[in-house]
Amino acid sequence: MSNNLSHLDALENNSIFIIREAYSQFRNVAILWSIGKDSTTLLWLVRKAFFGQIPFPVLHIDTTYKFPEIYDFREKYAKEWGLNLLVTKNEEALAAGMGPDKSKFQCCNDLKTVALKQAIAKYKFNALYLGIRRDEHGIRAKERVFSPRDEDFEWDYKNQPPELWDQYKTKATEEEHLRVHPLLGWREIDIWEYTKRENIPVNDLYYAKDGKRYRSIGCHTCCGPIDSNAGTVDEIITELANTDISERSGRAQDKEDDYMMQKLRSLGYM
Amino acid sequence: MAENRNIIVGLDGVPFGMIKDFTESGVMPNTSKLLNDSVLTPMYSTVPEISSVAWSSIITGANPAEHGIFGFIDLHPNSYKMRFPNFNDLRAATFWENCEGPSVIVNVPSTYPVRSMNGVHVSGFVSIDYEKSVYPESLVSTLKGLEYRLDVDSMLAHKSMDVFLDDLDRTVDARISSIQTFWDQCKWQNFMFVFTGTDRLMHFLWDAYDDKGHKYHRKFLEYFSKIDAAIGRIIDLSENSDSVILLSDHGFEKLDHDVFVSKILAEEGFLHFNPSEESSLQNIGPKTKAFALDPARIYLNRKDKYPCGSVEEKDANEILNQLEELFSSLEIDGRKVIKHIFKKEDVYEGPYFKDAPDLVLIGDTGFNLKATTAGKSRFGKGIFTGKHTYHDAFLAVKSKNRNISFDKQPSVIDAGKLIRSLTK
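If you read the sequences in order, they're chains B and G.
Residues in the first sequence are numbered consecutively from 1444, following the working numbering.
Residues in the second sequence are numbered consecutively from 15, following the working numbering.
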């Protein structure tokens, strides 16, 4: 890669290369769009990679507990960008009353993981693009750009192909599907600087209102806002340059607490 | 050969009476040999008598008001929102952080998430994320290779006792393999591990211990034999100069009745919930004078401490007296329900005294106190057949270097101080 490229150009080039490489290997692919800032940035890059016309479906796993602003954003841009949008839900679990009030762990598993499994089984996707980044969580540091999942969806992080010098293993066995992570090397601040440069649409939830804003969005039942006065992309960039609090700290703690509660309940506490 | 090595083995919840029984009846022959060379004494637990508080005292030698852990559950400051204190909330240094030599620490409750230390640390109950339970992180793959599990899945016992017992076995087998691996491969001065499956087994199957005709009686004994074999192996491998401490954090006994402390507080007018909302701590009403956290820690709803606080400092003593009177006279079928009522100032001393409960109740024989607000009546009985006790944990110490004796029954805090003095 040329040293003359800016940091954002280099990230963009690399991501577009990965996106095209994956599509050349796996035709039956889809991009997961959670409608947060990362997957929307990924969608932007995919649009660029294919000159505005994405040749595969855009999959949204709908837990039905997303913020209303997320649904509005989805409808608006699916139409504006001409997306082949597939919305999938775990109808069975929802009909049985699954929700975060039961157990946040169980809810995430049933309404996200199981719903995704159902979609993969239904549409027979053999690769999925996801907008995860290494700096989101310690465990994601171990991720690969082309990351195999077995038939049970398990990620065996001890048994992954190395990706030295950006040489990717883009083959999967029949039982596996590949997760493709074109944004793996991006940082949260890169996403925002790129959003600014490209003028990518941003969900209003990310902007501060009454001293609070969402740094990470998903289900309204499980996301908490942070204290912030950042009302523009520039202010968000300044804020991120000056914080050492992890992006998903609120969400992770929530899940740990929920698991803790389950463990204590099993022994008669609470 | 290293000098002044210390081996500390924890048997979570094993009462003095049971260790005597099993070592005398041949269920635990290796432990029996160890006890022949040791000073053995019954021991008091902490107040309250639960693992998070007691093990925190054992590893620090500190009073709960010094280490800051009063239970598995606490409240956020100036709030009724629950939080779960963990190792990051422990305010006193552990013995392994206070000594120069390396330590191996495996499965000590309330030591999650792990932090960097001199040696190896695998945290115990409640450990959640594997990566945050193992120090150094490079050992994660070793442990996974040994099929090490952070904890038995106690939820299984609510569905199938056979499946639970199988899980209990697999968990302890992997735990023993990890201990052997660390023993063989690590350099250490202090080696501490805790068997926590004992507590789970006694919660669900105390009746199988009591009743020789019980379907799981043999299984109950076999589990302890397995632990005894592991203790025997460690003793065989140890040097004569090593100090060995075997101890539990609280005792156990048969559970006759669950006692729903919050229900009693509500029926007696001390605890009110906002109408039309569920009866949970989050919905405490402004008329509340006192509420409880597990197992039976009672807090006055003080005006300067909680958002709906109603109790003025000048009225605090009178309300505490009323509560003492209420609980000391509580009976079921003519049996006294509460054995001890500890006032804050009776048992707590230290910089976190202000966070301590105002009263802690300890149930009388067979009465298991619970703070859950979900209790439909004052008394009940669930799946559990065993309950914790305060008065009969045990401590056994074998030391060539020290003359060990106890003038009076020690507490787990004394055990922690002893460990501290041996390991520093």
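For each residue, glycine too, the CB sits at the ideal point set by N, CA and C.
Here the structure is a predicted model, which means the values were calculated and not measured.
Contact with chain A by residue i, beta-carbon distance below 9 angstroms
{"i": "residue 171/G", "result": "No chain A is part of this structure, whose protein chains are labelled B and G."}
Alpha-carbon spacing of residue i relative to residue j, whole angstroms
{"i": "residue 1445/B", "j": "residue 1570/B", "result": "Legend: pLDDT at residue 1445/B = 44, less than 50; position of this residue unreliable, no value from coordinates given."}
{"i": "residue 382/G", "j": "residue 272/G", "result": "5 angstroms"}
{"i": "residue 1490/B", "j": "residue 1501/B", "result": "11 angstroms"}
{"i": "residue 223/G", "j": "residue 87/G", "result": "30 angstroms"}
{"i": "residue 1517/B", "j": "residue 90/G", "result": "37 angstroms"}
{"i": "residue 359/G", "j": "residue 415/G", "result": "36 angstroms"}
{"i": "residue 417/G", "j": "residue 53/G", "result": "10 angstroms"}
{"i": "residue 149/G", "j": "residue 1523/B", "result": "50 angstroms"}
{"i": "residue 1563/B", "j": "residue 1534/B", "result": "15 angstroms"}
{"i": "residue 1650/B", "j": "residue 1472/B", "result": "33 angstroms"}
{"i": "residue 1540/B", "j": "residue 328/G", "result": "49 angstroms"}
{"i": "residue 338/G", "j": "residue 396/G", "result": "27 angstroms"}
{"i": "residue 158/G", "j": "residue 151/G", "result": "12 angstroms"}
{"i": "residue 351/G", "j": "residue 394/G", "result": "13 angstroms"}
{"i": "residue 65/G", "j": "residue 124/G", "result": "8 angstroms"}
{"i": "residue 424/G", "j": "residue 438/G", "result": "20 angstroms"}
{"i": "residue 171/G", "j": "residue 1711/B", "result": "12 angstroms"}
{"i": "residue 1494/B", "j": "residue 1622/B", "result": "23 angstroms"}
{"i": "residue 1510/B", "j": "residue 321/G", "result": "29 angstroms"}
{"i": "residue 1644/B", "j": "residue 1680/B", "result": "16 angstroms"}
{"i": "residue 317/G", "j": "residue 1479/B", "result": "42 angstroms"}
{"i": "residue 16/G", "j": "residue 256/G", "result": "For residue 16/G, the predicted structure reports a pLDDT of 49, less than 50, and the residue's modelled location is therefore unreliable. The matter cannot be settled from this model."}
{"i": "residue 1606/B", "j": "residue 154/G", "result": "22 angstroms"}
{"i": "residue 369/G", "j": "residue 174/G", "result": "40 angstroms"}
{"i": "residue 127/G", "j": "residue 116/G", "result": "19 angstroms"}
Beta-carbon proximity of residue i to residue j, cut-off 9 angstroms
{"i": "residue 305/G", "j": "residue 285/G", "result": "yes"}
{"i": "residue 426/G", "j": "residue 209/G", "result": "no"}
{"i": "residue 197/G", "j": "residue 268/G", "result": "no"}
{"i": "residue 1455/B", "j": "residue 1637/B", "result": "yes"}
{"i": "residue 191/G", "j": "residue 160/G", "result": "yes"}
{"i": "residue 367/G", "j": "residue 79/G", "result": "yes"}
{"i": "residue 27/G", "j": "residue 264/G", "result": "yes"}
{"i": "residue 1624/B", "j": "residue 1573/B", "result": "yes"}
{"i": "residue 41/G", "j": "residue 187/G", "result": "no"}
{"i": "residue 238/G", "j": "residue 398/G", "result": "no"}
{"i": "residue 105/G", "j": "residue 82/G", "result": "yes"}
Continuous alpha helix (DSSP H) stretch holding residue i: start and end
{"i": "residue 198/G", "result": "175–199"}
{"i": "residue 1450/B", "result": "1450–1468"}
{"i": "residue 117/G", "result": "Where residue 117/G is concerned, there is no enclosing alpha helix (DSSP H), although the beta strand (DSSP E) it sits in stretches over 117–122."}
{"i": "residue 45/G", "result": "43–50"}
{"i": "residue 429/G", "result": "426–437"}
{"i": "residue 1489/B", "result": "1480–1492"}
{"i": "residue 159/G", "result": "154–159"}
{"i": "residue 31/G", "result": "30–39"}
{"i": "residue 145/G", "result": "Segment: none, residue 145/G is in no alpha helix (DSSP H) and carries neither H nor E."}
{"i": "residue 343/G", "result": "Premise fails: residue 343/G is in no alpha helix (DSSP H) and is neither H nor E."}
{"i": "residue 1563/B", "result": "1558–1566"}
{"i": "residue 1514/B", "result": "1511–1523"}
Run of the beta strand (DSSP E) containing residue i, from where it starts to where it stops
{"i": "residue 313/G", "result": "311–314"}
{"i": "residue 1590/B", "result": "1589–1592"}
{"i": "residue 1570/B", "result": "1570–1572"}
{"i": "residue 24/G", "result": "20–25"}
{"i": "residue 1686/B", "result": "Unbroken run through residue 1686/B: none, as it is neither H nor E."}
{"i": "residue 1474/B", "result": "1472–1475"}
{"i": "residue 137/G", "result": "133–137"}
{"i": "residue 1504/B", "result": "1501–1504"}
{"i": "residue 1528/B", "result": "1528–1531"}
Three or more beta-carbon pairs under 8 angstroms between the segment 108–115 of chain G and the segment 200–220 of chain G, yes or no?
Yes: at least three Cβ pairs fall under 8 angstroms.
Counting Cβ pairs closer than 8 angstroms, one from the segment 349–359 of chain G and one from the segment 70–78 of chain G, do we hit at least three?
no
Runs of 4 residues minimum, wholly inside the segment 263–315 of chain G: which ones carry the alpha helix (DSSP H) assignment?
As far as the segment 263–315 of chain G is concerned, its whole alpha helix (DSSP H) runs of at least 4 residues are 275–281.
Hey, which unbroken runs of the alpha helix (DSSP H) at 4 residues or more fall wholly within the segment 1605–1677 of chain B?
1631–1641
Going along the chain, which unbroken runs of the alpha helix (DSSP H) with 4 or more residues stay wholly within the segment 349–408 of chain G?
358–361
Quick check on the DSSP output: what are the complete beta strand (DSSP E) runs of length 3 or more inside the segment 56–127 of chain G, in order along the chain?
Listed in chain order, they are 117–122.
Three or more beta-carbon pairs under 8 angstroms between the segment 162–176 of chain G and the segment 136–153 of chain G, yes or no?
yes
Considering only residues of the segment 203–264 of chain G, which uninterrupted beta strand (DSSP E) runs meet the minimum length of 3 residues and lie entirely inside it, listed in chain order?
Runs of the beta strand (DSSP E) lying entirely within the segment 203–264 of chain G, each at least 3 residues long, are 204–209, 257–261 in chain order.
Counting beta carbon pairs with one atom in the segment 293–307 of chain G and one in the segment 369–388 of chain G, are three or more of them shorter than 8 angstroms?
Three or more Cβ pairs closer than 8 angstroms define a contact, and the segment 369–388 of chain G meets that threshold against the segment 293–307 of chain G.
Pairing CB atoms from the segment 231–246 of chain G with CB atoms from the segment 50–67 of chain G, are three or more of them under 8 angstroms?
no
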